[in-house]
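A.B. asks: Numbered according to the UniProt record's numbering, the sequence shown spans residues 1 to 351. Don't be surprised by glycine CBs; every beta carbon is placed ideally from N, CA and C. Sharing a structure here in structure tokens format.
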Amino acid sequence: MIEIVYCFVWFIPFFSEITYDFFNSTKSEIAVHEGDILLRRGQRSAINCESCLWPKSQDGLVKVPVNISSDFSLTERSWIADFVNRTTETDYVYVERGCWSYFGKIGGRQAVGLMKNGCMDKGAIQHEMNHALGFIHEQARSDRDKFVKIVWEHIMAGNFGKVKSKNLGLPYDYSSVMHYGAYDFSSTPGKPTIVPIPNPSVPIGQREGLSNLDVAKINKLYKCNCCSSVLPKPKGSFSSVNYPSPYPNNSNCLWLIRIRRSKIFLQFEAFDLQTSSDCSSDYIKVYNGNSKNSPVLLDKYCGKGPLPSVVASGSTMLVEFATDETVTATGFRHVHQSRFFHVFPYIPSGY
Ligand SMILES: [Zn+2]
1 MIEIVYCFVW FIPFFSEITY DFFNSTKSEI AVHEGDILLR RGQRSAINCE SCLWPKSQDG
61 LVKVPVNISS DFSLTERSWI ADFVNRTTET DYVYVERGCW SYFGKIGGRQ AVGLMKNGCM
121 DKGAIQHEMN HALGFIHEQA RSDRDKFVKI VWEHIMAGNF GKVKSKNLGL PYDYSSVMHY
181 GAYDFSSTPG KPTIVPIPNP SVPIGQREGL SNLDVAKINK LYKCNCCSSV LPKPKGSFSS
241 VNYPSPYPNN SNCLWLIRIR RSKIFLQFEA FDLQTSSDCS SDYIKVYNGN SKNSPVLLDK
301 YCGKGPLPSV VASGSTMLVE FATDETVTAT GFRHVHQSRF FHVFPYIPSG Y
């Protein structure tokens, strides 16, 4: 029994093909749509359906209770790092073998299918879970014809129709984990089914993980007042809000650095946070992975330096920045880059 926390959620699901097995419903009520989405009739656009959203708890987090089938091994279960046990919730996600998901919350137990060989990679899991949160395929957006051309004559199967979607005032996202690839469901090898406009070579169909806009859309759909972003490039920088002017009080920001290979090296170039005992007021915390459940690389850190530098053991690193209601300072600026390292993470504690 597990629970996923969104609103800042980096979940690592693994789902793939699904069975029609949920509360208060029968197969006849369900339609298969676009290959991997199961819908209840009349609920085609969860984004336009308030009752299809998962509720927010009092602490401001959206928690999706999840229960994983015993078909999955302990190792497979361990991949679902951010899930927490479901207890007695009536509405929850049930993970079983397959590769599909319902569209938004349907009420009661709803299955999400995850399976090896195609539906158990991190990006694929996030794709299926994002359906359960209420998201359609990006190329099914109501405004998609301005951004992609659907090549109907090359389509073998699947549904490439449009949905009367609520687009949240956010742009079309070629890099969304919810976008089909150019050759998906093609009847002829080498013939695309989707061509980006105007530049046909724009990459689509990535399954590395949620894009920056995917995260922004989750936060907007669920009215989550949190700053969070994904940094997918091997080299880059970021700083606290308003830097070098004082950062705001009462904020909680997360940055996920995610690169394709090698390790991530993070170096602070400037650091000035409110000093407090145990850094319980304002702090930076860095995790060796993609969630707050990952091992800690740099525990709560505050004050005026020395400037920390940390190395992740893999290709993801999560940086958390939290501030309380009093006192502010100029904040920080980091740079990060990928490197091949042969040393252990270095944590600045001795000088
Ligand atoms: Zn899908």
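Hey, which unbroken runs of the beta strand (DSSP E) at 3 residues or more fall wholly within the stretch 138 to 163?
C.D. replies: Counting only runs of 3 or more, we get 148 to 150.
A.B. asks: Quick check: does the Cβ of His137 come within less than 7 Å of any heavy atom belonging to ligand 1?
C.D. replies: Yes, ligand 1 has a heavy atom inside 7 Å of this Cβ.
A.B. asks: Which value, in whole angstroms, describes the spacing of the CA atoms of Thr26 and Gly107?
C.D. replies: Because Thr26 carries a pLDDT of 30, less than 50, the predicted location of this residue cannot be relied on, and no value is offered for it.
A.B. asks: Classify Phe332: buried if its beta carbon has 16 or more other beta carbons within 10 angstroms, exposed otherwise.
C.D. replies: When all chains shown are included, Phe332 counts as buried.
A.B. asks: In three-state DSSP terms, what is Asp214?
C.D. replies: Reduced to three states, the DSSP call for Asp214 is helix.
A.B. asks: Mind checking whether Tyr183 and His137 have CB atoms under 8 Å apart?
C.D. replies: No, the Cβ-Cβ distance between Tyr183 and His137 is not below 8 Å.
A.B. asks: May I ask you to report which of helix, strand or coil DSSP gives Thr90?
C.D. replies: Correct three-state label for Thr90: coil.
A.B. asks: Excluding five sequence neighbours on each side, which residues of the same chain lie with their C-beta closer than 6 Å to the C-beta of Ser281?
C.D. replies: Within the same chain, Ser281 has close Cβ partners Gln274 and Asp324.
A.B. asks: Any idea if Thr328 is buried or exposed, counting beta-carbon neighbours within 10 angstroms, 16 or more meaning buried?
C.D. replies: With 16 or more Cβ atoms within 10 Å of its Cβ, Thr328 is classed as buried.
A.B. asks: Is the number of C-beta pairs between the stretch 209 to 217 and the stretch 183 to 199 that are closer than 8 Å three or more?
C.D. replies: The stretch 209 to 217 vs the stretch 183 to 199: no contact.
A.B. asks: Here's the rule I'm using: 16 or more other beta-carbon atoms within 10 Å means buried, otherwise exposed. How should His336 be labelled?
C.D. replies: Burial call: buried.
A.B. asks: Using beta-carbon positions only, say whether Leu318 and Leu231 come within less than 8 Å of one another.
C.D. replies: Their beta carbons are not under 8 Å apart, which means Leu318 does not touch Leu231 by this criterion.
A.B. asks: If I'm right that Leu114 touches Gly134 with Cβ under 8 Å, what's the distance once you round it to whole angstroms?
C.D. replies: Not confirmed; about 18 Å, so no contact.
A.B. asks: For Lys56, which residues from the same chain have a beta carbon less than 6 Å from its beta carbon, with the 5 sequence-adjacent residues on both sides left out?
C.D. replies: Closer than 6 Å at the Cβ level, and outside the excluded window around Lys56, lie Val62.
A.B. asks: Suppose you measure from the CA of Val310 to the CA of Gly289; what does that come to, to the nearest Å?
C.D. replies: Taking the straight line from one Cα to the other gives about 12 Å.
A.B. asks: Thr193 and His154 - do their beta-carbons sit closer together than 8 Å?
C.D. replies: Taking 8 Å as the Cβ cut-off, His154 and Thr193 qualify as a contacting pair.
A.B. asks: Provide the residue span of the beta strand (DSSP E) that contains Gln110, from first to last.
C.D. replies: Arg109 to Leu114 is the span of the beta strand (DSSP E), which, as asked, contains Gln110.
A.B. asks: Mind checking which residues open and close the alpha helix (DSSP H) that includes Gln267?
C.D. replies: No alpha helix (DSSP H) holds Gln267; the beta strand (DSSP E) holding it covers Lys263 to Asp272.
A.B. asks: So, with DSSP's three-state summary, where would you put Asn252?
C.D. replies: Strand.
A.B. asks: Verify the contact flag: His127, CB atom, against every heavy atom of ligand 1, threshold strictly below 7 Å.
C.D. replies: Yes - ligand 1 has a heavy atom lying nearer than 7 Å to the Cβ of His127.
A.B. asks: Does the Cβ of His131 lie closer than 7 Å to at least one heavy atom of ligand 1?
C.D. replies: Answer for His131: yes, Cβ within range of ligand 1.
A.B. asks: Output the boundary residues of the alpha helix (DSSP H) element that contains Asn290.
C.D. replies: From DSSP, Asn290 is part of no alpha helix (DSSP H); its letter is neither H nor E.
A.B. asks: Identify, in the order they occur along the chain, each residue of the same chain with its Cβ nearer than 7 Å to the Cβ of Phe238, setting aside the five sequence neighbours on each side.
C.D. replies: These residues qualify, in order along the chain: Leu231, Trp255 and His334.
A.B. asks: With a threshold of 16 other CB atoms inside 10 Å of the CB of Ala46, please say whether the residue is buried or exposed.
C.D. replies: Because the pLDDT at Ala46 is just 48, under 50, the model does not fix this residue reliably, and the value given afterwards should be weighed accordingly. Classification of Ala46: buried, given that the 10 Å Cβ count is 16 or more.
A.B. asks: Compare the C-alpha of Ile125 against each of Lys164, Lys149 and Val95 and name the closest.
C.D. replies: Checked all of Lys164, Lys149 and Val95; the closest Cα to Ile125 is Val95.
A.B. asks: How far does the alpha helix (DSSP H) with Met129 in it extend, from its first residue to its last?
C.D. replies: That run of the alpha helix (DSSP H) goes Lys122 to Leu133.
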